[in-house]
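What follows is one structure encoded as structure tokens, with my remarks underneath.
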Amino acid sequence: MLIWAHRGARRQAPENTLPAFRRAVELGAEGVEFDVQLSADGIPVVIHDETLDRTTDGHGRVVDHTLAQLRELDASAGRPGFAGVRIPTLEAVLATLAPATLAINIELKNSVVDYPGLERAVLDTVADQHLAERVLLSSFNAESVQRLGALTSIPRALVYERLLRRPWALALRLGATAVHPPSRFVLSRAYVARAHQVGLAVRVWTVNSEREVERMHRCGVDGIFTDVPDVALAVRDRLDASLP
Numbered sequence: 003m004l005i006w007a008h009r010g011a012r013r014q015a016p017e018n019t020l021p022a023f024r025r026a027v028e029l030g031a032e033g034v035e036f037d038v039q040l041s042a043d044g045i046p047v048v049i050h051d052e053t054l055d056r057t058t059d060g061h062g063r064v065v066d067h068t069l070a071q072l073r074e075l076d077a078s079a080g081r082p083g084f085a086g087v088r089i090p091t092l093e094a095v096l097a098t099l100a101p102a103t104l105a106i107n108i109e110l111k112n113s114v115v116d117y118p119g120l121e122r123a124v125l126d127t128v129a130d131q132h133l134a135e136r137v138l139l140s141s142f143n144a145e146s147v148q149r150l151g152a153l154t155s156i157p158r159a160l161v162y163e164r165l166l167r168r169p170w171a172l173a174l175r176l177g178a179t180a181v182h183p184p185s186r187f188v189l190s191r192a193y194v195a196r197a198h199q200v201g202l203a204v205r206v207w208t209v210n211s212e213r214e215v216e217r218m219h220r221c222g223v224d225g226i227f228t229d230v231p232d233v234a235l236a237v238r239d240r241l242d243a244s245l246p
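Numbering (this note's numbering), first residue to last: 3 to 246.
Structure, rendered in structure tokens:
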């Protein structure tokens, strides 16, 4: 069970910022997950919300701001010690992560704003950084997952948050290699086994308590996305050591 830092080590640094990603590397996370949208001038930027209000001192939609305008904002969300940290570009995040060995899950944040051209912009940036072998692409937008399949052989995952009767069938139809459900949908090993039977990996979000890490381990998931990678790693390693 691999441990992925959700939006970086966001309990210790502002989410989706370079300090959060550097901290995830320092903590030993085996993967890092983050969200990508496009600025008004078509540059991939790393931020979760479609609006700026929660995580920056700006207001309005990401898509309505140019990169230059976004770069003027403070993305510390008021966290002490991080004043002046900026919204990073995808290029900057990948350059920061390049020297490390951890896997990289780029979630295309295009289920609310469609962002025409987001898939190609992300793929071009990944290619420029020569990191395709370490990257996983994911989205809540099924059409985007399918579009990616026509553009790249990089593994793709379907993320979902509403209960689907047959998520495995949908993922396969889209050409995905994995499903990323919320932890509340993973109730038993049978759920995971069904996905494995058809060749799909299961990575679960967002798993933060020790109890939930233990439960996901018992269910046999392939990975968890967590805000506390250090805690999750310690629990996972303890459980692995106790196996016969």
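Cβ atoms here follow ideal geometry from the backbone N, Cα and C, with glycine treated the same way. Bear in mind the structure is a predicted one, so any value in this text is a computation, not a measurement.
Burial state of residue i (16 or more Cβ within 10 Å)
i    : result
E121 : buried
Q2   : Residue 2 lies beyond the range of the chain shown here (3 to 246); nothing can be said about it.
T68  : exposed
G62  : exposed
E135 : exposed
H132 : exposed
S190 : exposed
A180 : buried
A22  : buried
A171 : exposed
V124 : buried
Of the listed residues the options, nearest to residue i (C-alpha basis)
i    : options                   : result
A102 : E163, E28 and A22         : E28
T208 : E35, I89 and L20          : E35
F187 : R205, V114, T179 and A173 : R205
E109 : D242, G33, A243 and A236  : G33
R81  : L202, A70 and R56         : R56
Y117 : A26, L4 and S41           : S41
V47  : P90, S140 and N112        : P90
Bounding residues of the beta strand (DSSP E) (the contiguous stretch that carries residue i)
i    : result
R205 : A203 to V206
F227 : G225 to T228
E109 : A105 to L110
P184 : It is not in any beta strand (DSSP E) - P184 carries neither H nor E in the DSSP assignment.
D37  : G33 to L40
R7   : The question names Arg, but residue 7 in the sequence shown is Ala. Run containing A7: L4 to H8, per the beta strand (DSSP E) assignment.
Inter-residue Cα distance where the pair is residue i and residue j
i    : j    : result
V194 : C221 : 7 Å
A197 : V161 : 14 Å
D7   : V215 : In the sequence as presented, Asp is not what sits at residue 7; that position holds Ala. Answer to the nearest angstrom: the Cα atoms are 13 Å apart.
L72  : I226 : 31 Å
G119 : V137 : 19 Å
D232 : V223 : 18 Å
E52  : L245 : 43 Å
L75  : T98  : 20 Å
R12  : G83  : 14 Å
Q148 : E163 : 18 Å
S78  : N112 : 23 Å
Extent of the continuous alpha helix (DSSP H) to which residue i belongs
i    : result
G151 : A144 to G151
F23  : L20 to L29
Within 8 Å, strictly: CB atoms of residue i and residue j
i    : j    : result
V65  : T19  : no
T127 : L92  : yes
L235 : H219 : no
V230 : N210 : yes
I156 : L176 : no
P184 : P169 : no
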